[in-house]
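Chemist: Please find one structure pasted underneath; my questions will follow.
Residue numbers (my numbering): 1380 to 1829.
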């Protein structure tokens, strides 16, 4: 038996239900009316026989309710007479491959019902309707991301997730760490994005979202300082430490004081993301020029500042702003972290712990050995900017630090010692775009639980 993950059913289930008129040799809708005896919730695995290609679903518990996108099995008689099916007022997609006289497998619609009747409606080809008592249980809101985790009071921000239900009797509320609530502006039709006005809040912490169906607390923090490596305002004391001193500046639109700037808005980047480390590279290499090499306060190994022991469940985050007049359309933002055996500040040799250090160089990341992240959102539409607004960029380490310099798979691996240094360099990436003169503003570079 080979196992097929449940989501494969969801993919198959997107096929529109067809009857005997389209597939006369495969399926026929029967006459009469259906009868449902009970409903089972299917287990999380579906198995297919290698010898017969028959699909087998493991029966689960008897249920009278389920959450959206759950897969259930109706058991009864004459179920091939069902031509359409609704859960409350939301139509389900039927697939004839999963309908027999006695069983009907279907996915509960994802969309939140507009009118709740707690019934399944089974409609025959003749237009007769048979009902069965069944409740679709909507979960508490799911909070995935915030458009900018450092959004200033009075600005508009967005949460993405699911089930942002604003019931007339129990309005949706978004509560910040200090207890202040946001003014909600809009919610999209799928209840997966909500826009709001950020309230006054100087406290760091998670955001709480409450609907009629429950309360959820975000895993991300508003004004997050956990795992802060580079704030450019002196809190960590870390800044440029390599061959190039990139501009650290501020302006009226800064998110929190000083920020790092890559590019000047005039220097062109070629369509293939040609090498220009004097404009588009930020380097932080730990160490100093002493012998043996030591790690002063402004040259610490990053894993001594931030705990990377659980790096597989962490993400690199930062705030970024790209003005529309300096849009980005070439090159990948390569986010590279490396051990001191690959690069350090000062001369090659030995450090105070007896470890071999590589000294200043840029050869260590010019290849496929060292895994790094390639952030290139412009590939979705050919060009990318933030309209002059600040956004939060999230780069999960385990799933993103997998590339070599030119976009192929990295051949090396990461360990806790890999997180000693940081380079952010917009270059190459293995994909061509169009020549541009991008300008990047970056702030609050941190490593946080993912």
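Where a beta carbon is used, it is the ideal one built from N, C-alpha and C, also for glycine.
Remember, predicted model here, so these are calculated numbers, not experimental data.
Is it true that the CB of residue 1538 sits closer than 7 angstroms to the CB of residue 1549?
Modeler: Against a cut-off of 7 angstroms, the Cβ pair of residue 1538 and residue 1549 comes out as no contact.
Chemist: Between the C-alpha atoms of residue 1602 and residue 1408, what's the straight-line distance to the nearest angstrom?
Modeler: Straight-line Cα distance between these residues: approximately 58 angstroms.
Chemist: I'd like to check one pair, residue 1623 with residue 1660: are the Cβ atoms closer than 7 angstroms?
Modeler: It is a contact, given that the beta carbons lie within the stated cut-off.
Chemist: Quick one: what does DSSP say residue 1704 is sitting in, helix, strand or coil?
Modeler: Of the three classes helix, strand and coil, the one that applies to residue 1704 here is helix, per DSSP.
Chemist: What residues in its chain sit with their C-beta under 6 angstroms from that of residue 1546, if we drop five residues either side in the sequence?
Modeler: Hits under 6 angstroms: 1591.
Chemist: Going by alpha carbons, who is nearest to residue 1560 out of 1606, 1771, 1589?
Modeler: When only C-alpha atoms are compared, the closest one is 1589.
Chemist: Residue 1734: which of 1606, 1512, 1723 sits nearest, CA to CA?
Modeler: For residue 1734, the nearest C-alpha among the options comes from 1723.
Chemist: Would you mind working out which of 1443, 1759, 1719, 1417 sits nearest residue 1456, comparing C-alpha positions?
Modeler: Of 1443, 1759, 1719, 1417, the residue nearest in Cα terms is 1417.
Chemist: Could you name each continuous beta strand (DSSP E) segment of 3 residues or more that falls completely within the region 1672–1758, going from the start of the chain to the end?
Modeler: Within the region 1672–1758, the complete beta strand (DSSP E) runs of at least 3 residues are 1693–1700, 1711–1715, 1752–1754.
Chemist: Please classify residue 1388 as buried or exposed, where buried requires at least 16 other C-beta atoms within 10 Å of its C-beta.
Modeler: Summary for residue 1388: the model assigns pLDDT 46, below 50, so the residue's position carries little reliability, and this model does not support an answer.
Chemist: Determine the direct distance from the alpha carbon of residue 1755 to that of residue 1788, and round the result to whole angstroms.
Modeler: Distance between the alpha carbons of residue 1788 and residue 1755: 16 angstroms.
Chemist: Would you tell me roughly how many angstroms separate the C-alpha atoms of residue 1420 and residue 1544, rounded to the nearest one?
Modeler: Distance between the alpha carbons of residue 1420 and residue 1544: 25 angstroms.
Chemist: Among 1466, 1664, 1740, 1502, which one has its Cα closest to the Cα of residue 1449?
Modeler: Per the Cα distances, 1466.
Chemist: Secondary structure at residue 1830, three-state DSSP: helix, strand or coil?
Modeler: The first residue shown for the chain is 1380 and the last is 1829, placing residue 1830 beyond what the model contains.
Chemist: Under the rule that 16 or more other beta-carbon atoms within 10 Å means buried, what is residue 1470, buried or exposed?
Modeler: That one is exposed.
Chemist: Rounded to whole angstroms, what is the Cα-Cα separation between residue 1477 and residue 1442?
Modeler: Whole-angstrom Cα-Cα distance: 19 angstroms.
Chemist: Output needed for residue 1791: all residues of its chain with C-beta closer than 7 angstroms, excluding positions within five of it in sequence on either side, in chain order.
Modeler: So the list reads 1748, 1749, 1750, once near-sequence residues are dropped.
Chemist: How about residue 1806 and residue 1666: do their beta carbons lie closer than 7 angstroms?
Modeler: Not closer than 7 angstroms, so no.
Chemist: Can you check DSSP and say which residues form a bridge with residue 1575?
Modeler: DSSP output for residue 1575 lists 1536, 1563 as bridge partner(s).
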